[in-house]
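The structure appears right after this line, and notes come after that.
In our numbering, the protein residues as written are 56 to 252.
Structure follows, in structure tokens:
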């Protein structure tokens, strides 16, 4: 097995102390069941609930885990950029630490990457959020972004995505721009795929 991981899981984390044990359990299961040579890069975005202590303790037990700590909350895009900067894998897989993204879906994304795609996007199809305050604005935003950009994605806000490292080269991200990473990659010539349901 190579020292360089094939897959880097990149996970922004903010105040997720209760979810972290299950997140690690689910990730370890996916890695073991699929024989992945993987690392887990978690950017703690200024958590105040003890998340960093849990992350640091896990990193001491598992050499595949790398923790980046921000002194204060900078936002999801900054955490993702830090993860990209510290990741070594050829394939970068982004997940939320709150388990809104099921790690069990990752093999379907990797299957599309192996088919030759550069960008594979997840979709929060069965969201539990309230319709008027969360889902309707999200659906409207997805429609508008798709119309303007010409890039058709169901869910720009879904963190669950996989990229070949090369598809992200040259992307300069700040603010809340993590939602638009697929657009940057596709405008730069990347090939997009969608996992089978």
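Backbone N, C-alpha and C define an ideal beta-carbon position, used for all residues, glycine too.
Remember, predicted model here, so these are calculated numbers, not experimental data.
Residue from the options whose Cα sits closest to the Cα of residue i
i: residue 66; options: 169, 171, 139 and 222; result: 139
i: residue 73; options: 83, 86, 104 and 100; result: 104
i: residue 157; options: 215, 108 and 109; result: 215
i: residue 77; options: 170, 223 and 110; result: 110
i: residue 147; options: 153, 176, 125 and 154; result: 176
i: residue 115; options: 152, 95, 101 and 125; result: 95
i: residue 220; options: 160, 159, 141 and 153; result: 141
Residue i to residue j span [Cα, whole Å]
i: residue 113; j: residue 71; result: 14 Å
i: residue 75; j: residue 149; result: 15 Å
i: residue 99; j: residue 119; result: 16 Å
i: residue 123; j: residue 143; result: 14 Å
i: residue 136; j: residue 222; result: 14 Å
i: residue 64; j: residue 127; result: 22 Å
i: residue 58; j: residue 145; result: 12 Å
i: residue 81; j: residue 129; result: 27 Å
i: residue 108; j: residue 133; result: 21 Å
i: residue 164; j: residue 172; result: 10 Å
i: residue 101; j: residue 166; result: 34 Å
i: residue 155; j: residue 224; result: 27 Å
i: residue 125; j: residue 168; result: 31 Å
i: residue 83; j: residue 117; result: 10 Å
Neighbourhood of residue i by C-beta distance below 7 Å, restricted to the same chain and skipping five residues each side
i: residue 89; result: 162
i: residue 106; result: 68, 70, 71, 72, 75 and 99
i: residue 79; result: 113
Any non-hydrogen atom of the ligand ZN within 8 Å of residue i CB
i: residue 146; result: Absence of the ligand ZN from the depicted structure is noted, as is the absence of any ligand whatsoever, leaving it without description.
Run of the beta strand (DSSP E) containing residue i, from where it starts to where it stops
i: residue 67; result: 62-68
i: residue 147; result: 146-149
i: residue 174; result: 174-176
i: residue 99; result: 93-99
Own chain, CB closer than 6 Å to residue i, minus 5 neighbours either side, in chain order
i: residue 97; result: 66, 68, 110 and 122
i: residue 218; result: 147 and 174
i: residue 93; result: 60, 62 and 86
i: residue 91; result: 62
i: residue 153; result: 71 and 74
i: residue 159; result: none
N-terminal and C-terminal residue of the alpha helix (DSSP H) that residue i is part of
i: residue 216; result: Not the alpha helix (DSSP H): residue 216 falls in the beta strand (DSSP E), residues 216-219.
i: residue 83; result: 75-88
i: residue 40; result: Residue numbering for the chain in the displayed model covers 56 to 252; residue 40 lies beyond these limits and cannot be assessed.
Cut-off 8 Å between Cβ atoms - residues of its own chain near residue i, not counting five sequence neighbours on either side
i: residue 186; result: With a pLDDT of only 47 at residue 186, under the threshold of 50, the placement of this residue in the model should not be trusted, and no figure is reported.
i: residue 151; result: 66, 67, 214 and 215
- [ ] Could you pull out every unbroken beta strand (DSSP E) segment of at least 3 residues lying fully inside the segment 107-142, listed in chain order?
- [x] Taking only runs of at least 3 residues, the beta strand (DSSP E) segments lying wholly in the segment 107-142 are 120-124.
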